[in-house]
Ligand code: DLL
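Residue numbers (this note's numbering): 1 to 431.
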């Protein structure tokens with residue numbers, strides 16, 4: 001009965017807010033009691049845990065930034081005894097400056113649950129063969145989707161990334177039905193499958209792609225080449241990993257798992273809360289986790305939130321595709337890269353910090369070039385020596401970032417100087 005629907009929807013929203021509030025109150029007390037950062041910051045703001053009574057009180061809490069986590073490396077935000085921790089995951093980052101996220105078994109269970117919801121929304125079930133070629137290890141992509149697939153009861157192929165030939169062979173032989181990887185790797189796999197002429201042996205029906213920005217055009221291209229429906233998935237290590245939000249069959253944005261993560265949208269310059277429908281920076285509070293209960297974490301990801309009626313029946317708030325970042329972090333082939341990491345490698349190798357990063361996307365794959373100015377002394381070296389120095393830099397950057405750029409040493413003063421801030425990054429990708 002349509003005329004009753006608004007009340008039903010309002011009741012569902014109220015129930016969700018009550019649940020969120022109850023969980024938030026518990027988490028704030030837990031964080032205050034166990035994490036020095038929260039005690040100090042809340043005391044400075046004269047906010048006591050008892051002042052937080054519902055999600056409406058979130059703005060009373062201090063923001064948390066990546067640098068706060070780095071400063072507290074490694075254990076500063078761990079809120080349970082170490083004996084309760086069963087897993088860590090970590091972001092890529094400058095040595096000693098990584099963010100390490102901790103999980104109790106209960107935290108892993110809720111993360112698995114979030115990823116299971118994403119797989120279910122893509123049509124996954126017990127009869128599916130879920131082919132996970134996100135990286136395993138410290139990166140959250142592989143372990144997250146792996147856990148979600150187990151939870152659903154699907155047969156899980158923990159392929160990890162790389163070795164395209166083996167990926168395709170397993171896909172054909174074992175009948176993979178759901179593919180989980182970055183969109184760039186999905187596009188690469190699609191081309192390889194077509195080149196090998198094995199499209200008819202592929203049983204894929206859906207793909208769950210995330211960890212980097214991708215366009216609607218790229219989605220349609222992957223969908224037509226792999227003959228699947230492609231779903232977006234979002235998440236970040238600090239908040240648990242993939243599955244913070246996921247797309248449903250409507251493909252118009254990602255539903256946030258709001259029973260575990262309270263989301264706000266703020267003006268990145270002023271920190272002021274913005275209403276639904278405004279473009280701003282995403283801020284998440286973990287309201288169910290215990291080992292690493294981050295509150296009001298500034299993601300630097302820019303998007304729009306909306307709470308409309310979704311044809312899939314879910315009432316969870318939706319976030320749009322990401323529209324960029326409010327800091328200088330680049331995501332290249334799914335890997336987070338900060339220009340400061342490149343700079344650190346150059347300085348360690350005795351190079352001047354005059355460099356430019358050029359990123360482009362060719363056939364759905366990111367290209368990553370770093371041009372580095374030589375000193376006049378280096379410039380007088382032999383051509384052979386220059387090639388050796390370039391390959392040394394590639395190795396050092398691979399060790400720091402986990403991916404290899406193409407490094408070119410260029411003549412002194414050949415990188416254009418700007419009047420104001422140096423232009424370190426030229427990102428030509430149209431996403
Ligand atoms: O990328 C977690 C993940 C794994 C998400 C697999 C989805 C699938 P991090 O390495 O910590 O975690 O990087 C987090 O990646 O702040 C966004 O800027 C970006 N990102 C994640 N998902 C998407 C997406 C994982 N669907 C950072 N679209 C985030 C655009 C994304 N950017």
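We treat Cβ as the ideally placed atom computed from N, Cα and C, and that holds for glycine.
query: Residue(s) in a DSSP beta bridge with residue 432; result: Missing from the structure shown is residue 432; the chain here goes from 1 to 431 and no further.
query: Any non-hydrogen atom of the ligand DLL closer than 7 angstroms to residue 336 Cβ; result: yes
query: Residue 361 beta carbon near the ligand DLL (any heavy atom closer than 7 angstroms); result: no
query: Element boundaries [beta strand (DSSP E), containing residue 65]; result: Here residue 65 belongs to no beta strand (DSSP E), and DSSP marks it neither H nor E.
query: Closest Cα partner of residue 103 within the set 305, 79, 28; result: 79
query: Cα-Cα separation, residue 132 to residue 156; result: 7 angstroms
query: Backbone CA spacing between residue 374 and residue 428 [nearest angstrom]; result: 24 angstroms
query: Near the ligand DLL: residue 63 beta-carbon under 7 angstroms from a heavy atom; result: no
query: Contact under 8 angstroms by Cβ, residue 336 with residue 91; result: yes
query: Inter-residue Cα distance where the pair is residue 244 and residue 399; result: 29 angstroms
query: Option in 277, 327, 297 with minimal Cα separation from residue 307; result: 277
query: Residue burial classification, residue 411 (beta-carbon count within 10 angstroms, cutoff 16); result: exposed
query: Proximal residues to residue 8 (C-beta, below 7 angstroms), its chain only, five neighbours per side dropped; result: none
query: Rounded Cβ spacing between residue 129 and residue 180 (contact assumed at less than 8 angstroms); result: Rounded, the Cβ-Cβ distance is 11 angstroms, inconsistent with contact.
query: Heavy atom of the ligand DLL within 7 angstroms of residue 242 beta-carbon; result: yes
query: For residue 395, the nearest candidate out of 250, 416, 414, 370 (CA to CA); result: 370
query: Cβ-Cβ distance between residue 61 and residue 298 below 8 angstroms; result: no
query: Paired residues, beta bridge with residue 306 - DSSP; result: 318
query: Candidates 189, 261, 262, of which the one nearest residue 227 by Cα; result: 189
query: Validate contact between the stretch 19-29 and the stretch 65-76 using beta carbons, cut 8 angstroms, 3 pairs; result: no
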